[in-house]
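Colleague: Take a look at this one; I'll ask things after.
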Amino acid sequence: MMSTSSPVLAPIDAATRIAELEQALLVANERAAAAERRLAEATAANSKTSGFGIDQVLYDLPAPVAAHDLHGRLRFCNLAFALLVQRPMTSLVNQLLSEVIPTAELPAYLAQVGAPGQPLTGQLSLLPIANKQPRQLLYRAQRLDPPSQAPYVLLCALDVTEQAQTTAELRRGKEKAEASAQAKEAFLANLSHEIRTPMNGVLGMARQLTKTPLDQGQQELLRIIQTSGEHLLAVLNEVLDMTKISSARLELEQMSFDLRESMEVALQPLAVQAAEKGLLFHATLLLQREPLPRVMGDAYRLNQVLINLVSNAIKFTSAGGSISVGGYLLSQTDTHLTAGFRVTDTGIGIPENKLDHIFEDFVQAGTDTARRYGGTGLGLGIARALVEQMGGTIQVESQVESGSTFQFTVTLPRAEGVETTPRPVLTDTGALRNRRVLVVEDNGINREVVRRLLQGWGVQVDEAEDGPTALLLHTENLYDAVLMDIQMPGMSGAEATTHIRLHPDSARAQVPVLALTANAFRSDLDRYLKAGINDCLTKPFKEEEFYHKLVGLLQLPTTPYDLAQVYELADGEKTFVQRMVRSFLLHIPPSLQQMQAAAAAEHWMEVARLVHHIKPNLIQFGVAGIAQPLHLLIDPPRPGAEDQKYRAAAMQQLIRQVEQVVSELAAEMAA
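Take a look at the structure:
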C-alpha cells in the first residue's frame, strides 16, 4: 500500500524556492542581530574606563575600536581598526575621521553621536580602500564624559560586508523567484482567457442548438461537440488548480451540505458513462441506515476527488470489467464526522515501480499509457493535495492486469442547524422580463451567446464592444444591469466600471455590474470587486448560474438604508430610535468631511482610520451599497496609480451613498 506520507521526489517550484529564500533571509537577519548584540557587549565592557589605561585590552579586541573627540579627531584606535582602514596605527592618532574613513555618511554620524544620551547604532558604507572592495560597517558609538577629561566618543565597529552581500544576493534571488512566479501566473491567466473565451462561445452555441429540432444524427454530433469542449475545459481547470495548489492559493469553501446527497449527485453522470462503456458499476455510498448530520466543507472539491478517481477507473477499465465505489462512516463525535471512500476497478493496474510516484504532478503509469488514454497526469496530484488540505489521507493498492483500489478519508465538522444554499436550477421566474441590460464584450460570438440567453428571458439588450462605447451608452440610457467583460483592448472592464462608479448621476453610478470573465484566479476576482464590480461569473458559465447571478443582482436593496438593527436594539422604544438617528446625523457628516479632506491630500491611512471609525454605525443603519468601498478603503494602501484610482472611486461611492442616507434620514426626522 502506498500513502501520501511516503517520500516522493517533489519538483522544485517557484513557491518552494521563495519559501527557502525567505528562510535564508531570516537567518541572515538573525546573524546581523547577534553581531549587533556582540558589539553592544564590547562597547559596554570598554566604556567603563575613564581614560586609556587599558589600551592593551582594547588593542587585543578582534573588533575595530576607536575613540575620538566630538569633532571627529582620533585619540585612540586598536590594531583591528588600523587594519580596516589600511593605515599604520602610529599615523592615526590625532587624525580626523574624515581623513581616515572614506564615507559620505560621516557628517550625519558626527552630528548625532555628539549628543548625550543613548548609544547610537547604525551602518556606514566605506568606499574602496587600497583597491579593496567597498565595506559595510555595523557600528555602536557612545559619548562618554569622564571626570576631569574632555568628553569623547567610544566607537566599536563590526565588518558585516559578507553578511550584507549575502543578504542582498538572497533578496535578489527572492525577487527573481517572485517575478518568475508572477510571470507564470500571468501566462496561465492569459492562457485561461484565450481558451475560456472561445470555449464559452462553443458551449454556449451548443446549448442553444439543443433547444432546436434535431434528428438523431445531429444530436450525436452535438453531443460530441459538447463532450469535447467540456473535456478541454477540464484539462484547463486541472492546470489552473495545480497552479493554485502549488502556490498555496487554493481556498476551500466552508458551506453546509449533505454528504450522502452530494456524492450521489456527483456519481450519477459517471454511472451513465460507465454503462455506455459496458462496465458493471456498483456504488454503496454512506448507507441510508446510517443517520448522517450535515457537514461543513467544500462539497465541490470533495466531489472533485471522487469524480477524478472514478473517472480514472472508467478510463483504464476495458468493456466487461467492473467498478465498485464505496462510502463509509468511520467515526463521528459531537462536533466532527470522519468518512472513508474507496474506488476499486478491474482495469490495467499500475506497475509496482510507479506506485511511489503516482501522486506526483504530471506523472502517469507510462508514456504508452499517456498516448493511449490521454490526460495531463495532474488529476491524482490534485486529488492528493485536496484531500491533504481537508486534513485527510489518500492511498492506493494496485496490481498490473488485475486492477487498482484508491481510498481516502476526510474529517469534516458537523453543521447541524446551518442553513444551506440549494443548487441552482433554471426556472424562469419572470424576474428578468422587460429589464434593460447593457452587454459589454469585445468578442462577437460571446455577445451573441449572452444576447440569445437574455432575449430568451424577455430582456431588452444593448451591446457595446469596448469600454468607451459602453460608457457612452451608460450615460445616454438608464440600465437595470451591466454585463462586463474584463479583458478588452484599450480600456479594461475594471477601468470602465471605475468610470461608471464615478458618474455624477447617482442612479447610473449605482447600476449593478456583473463581470463575465475568462480569468479564473482568485486574486483577479478580488481586484475586480475592488474596482466596484458587484459579482463575477467565470466563462464558460452554465445557463442556470448566469440566470441566478443576474436575478440576484437585480434584487439589490432599493432603499439606501435599513433600520432593522436599530429597531431591534431599541426593543420597540421609538424615542431611542430617534436619539440614535439624531446621533447619526450629528456625527457622520463631520466624519465625511474629514475623510474627503484626507482623500484630497492622498492621506489614505487617515482615510482608513476614519472609515474604520464610522463603519459600525454604517452597518448598524443598514447603509446599502457600501460593502465594497468599505473593504477597499480599510485595506492598507498599495503603491501605484491604479490603487489610488480605485480608492478615489470607492471614496466617491461611499460618500454618495452615506450622503443620500443622511439626506433621507434628515427629511424623515423633519417630517
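Quick note on the working numbering: the sequence shown kicks off at 658 and runs consecutively. Glycine is no exception: its CB is placed at the ideal position from the N, C-alpha and C atoms. The model shown is predicted, which means the values in this text are computed figures rather than measured ones.
According to DSSP, simplified to helix, strand and coil, what is Thr1062?
Modeller: Thr1062: strand per DSSP, three-state reduction.
Colleague: Hey, Ala723 and Phe733: beta-carbon distance below 8 Å or not?
Modeller: Result yes, Cβ atoms of Ala723 and Phe733 sit closer than 8 Å.
Colleague: Near Ser1059, what residues of its chain come up, given a Cβ to Cβ distance below 8 Å and the 5 sequence neighbours on each side ignored?
Modeller: Excluding sequence neighbours, Ser1059 sits near Thr1003, Gly1006.
Colleague: Which full runs of the alpha helix (DSSP H) of 4+ residues lie inside the segment 705-783, going along the chain?
Modeller: Entirely contained in the segment 705-783, the alpha helix (DSSP H) runs reaching 4 residues are, in chain order, 712-717, 736-742, 754-757, 763-770.
Colleague: If you count every other CB in all the chains shown that lies within 10 Å of the CB of Ala1040, and 16 or more means buried, which is it?
Modeller: With 16 or more other Cβ atoms within 10 Å, it is buried.
Colleague: Buried or exposed: where does His1269 fall if 16 or more other Cβ atoms within 10 Å of its Cβ makes it buried?
Modeller: Per the 10 Å Cβ criterion, exposed.
Colleague: Do you know how far the Cα of Gln961 is from the Cα of Thr990?
Modeller: Approximately 26 Å between the Cα atoms of the pair.
Colleague: Of the residues Gln1310, Leu1069, Phe1241, which one's Cα is nearest the Cα of Pro1161?
Modeller: The residue with the shortest Cα to Cα distance from Pro1161 is Gln1310.
Colleague: Helix, strand or coil: which one does DSSP assign to Gln793?
Modeller: Of the three classes helix, strand and coil, the one that applies to Gln793 here is strand, per DSSP.
Colleague: What's the call for Ala834, buried or exposed, on a 16-neighbour Cβ count within 10 Å?
Modeller: It counts as buried.
Colleague: For Leu994, report the span of its beta strand (DSSP E) as first-last.
Modeller: 993-1002 is the span of the beta strand (DSSP E), which, as asked, contains Leu994.
Colleague: Residue range of the alpha helix (DSSP H) that Val1044 falls in?
Modeller: Element bounds for Val1044: 1036-1046.
Colleague: What are the start and end residues of each continuous alpha helix (DSSP H) run of 4 or more residues lying completely inside the segment 1123-1204, in chain order?
Modeller: Counting whole runs of 4 or more residues, the segment 1123-1204 contains the alpha helix (DSSP H) stretches 1124-1133, 1150-1158, 1163-1166, 1179-1187.
Colleague: Using the Cα positions of Leu1322 and Pro1273, report the straight-line distance between them to the nearest angstrom.
Modeller: Roughly 17 Å between the two C-alpha positions.
Colleague: Within the same chain, show all residues whose beta-carbon is closer than 6 Å to that of Asn686, passing over the 5 residues directly before and after it, in chain order.
Modeller: Summary for Asn686: the model assigns pLDDT 49, below 50, so the residue's position carries little reliability, and this model does not support an answer.
Colleague: Alpha carbons only, please: which of Asp1300, His939, Met1047, Leu890 is nearest the one belonging to Phe1000?
Modeller: Checking the sequence, you will find Val at residue 1000 rather than Phe. When each option's Cα is compared against that of Val1000, the closest is His939.
Colleague: Tell me the rounded alpha-carbon separation between Lys1199 and Ala1324.
Modeller: Straight-line Cα distance between these residues: approximately 45 Å.
Colleague: Check whether the segment 1137-1157 and the segment 1088-1107 are in contact - that is, three or more C-beta pairs closer than 8 Å.
Modeller: Because the criterion of three Cβ pairs below 8 Å is met, the segment 1137-1157 and the segment 1088-1107 touch.
Colleague: Please return the same chain residues whose Cβ sits closer than 6 Å to the Cβ of Gly774, not counting the five positions on each side in sequence.
Modeller: None.
Colleague: Between Thr1050 and Leu987, which are expected to be in contact by the criterion C-beta below 8 Å, what is the C-beta distance as a whole number of angstroms?
Modeller: Not confirmed; about 12 Å, so no contact.
Colleague: Closer than 8 Å by C-beta to Ala689: which residues in its own chain qualify, once you throw out the five before and the five after it? Chain order, please.
Modeller: For Ala689, the predicted structure reports a pLDDT of 46, less than 50, and the residue's modelled location is therefore unreliable. A value from the coordinates is still provided. Hits under 8 Å: Leu795, Val817, Gln820, Thr824.
Colleague: Could you check which residue in Arg1104, Gln806, His1156 has the C-alpha nearest to that of Met1308?
Modeller: Closest by alpha carbon: His1156.
Colleague: Please name the residue or residues paired with Pro1070 in a DSSP beta bridge.
Modeller: DSSP output for Pro1070 lists His993 as bridge partner(s).
Colleague: Got a sec: does the ligand MG put a non-hydrogen atom nearer than 7 Å to the Cβ of Leu1287?
Modeller: This structure lacks the ligand MG, and indeed carries no ligand of any kind.
Colleague: Please report the distance separating the alpha-carbon of Ser1149 from that of His993.
Modeller: Rounded to the nearest angstrom, the two C-alpha atoms are 46 Å apart.
Colleague: Looking only at C-alpha atoms, which of Gly886, Pro1246, Glu1263 sits nearest to Glu1316?
Modeller: When only C-alpha atoms are compared, the closest one is Pro1246.
Colleague: Suppose contacts are defined by Cβ-Cβ distances below 8 Å. Is Gly1124 in contact with Gly1147 by that definition?
Modeller: Their beta carbons are under 8 Å apart, which means Gly1124 touches Gly1147 by this criterion.
Colleague: Among Leu777, Thr1174, Leu1243, which residue has its Cα nearest to the Cα of Gln1144?
Modeller: With distances taken between Cα atoms, Gln1144 lies closest to Thr1174.
Colleague: Is Ala932 helix, strand or coil by DSSP?
Modeller: Ala932: helix per DSSP, three-state reduction.
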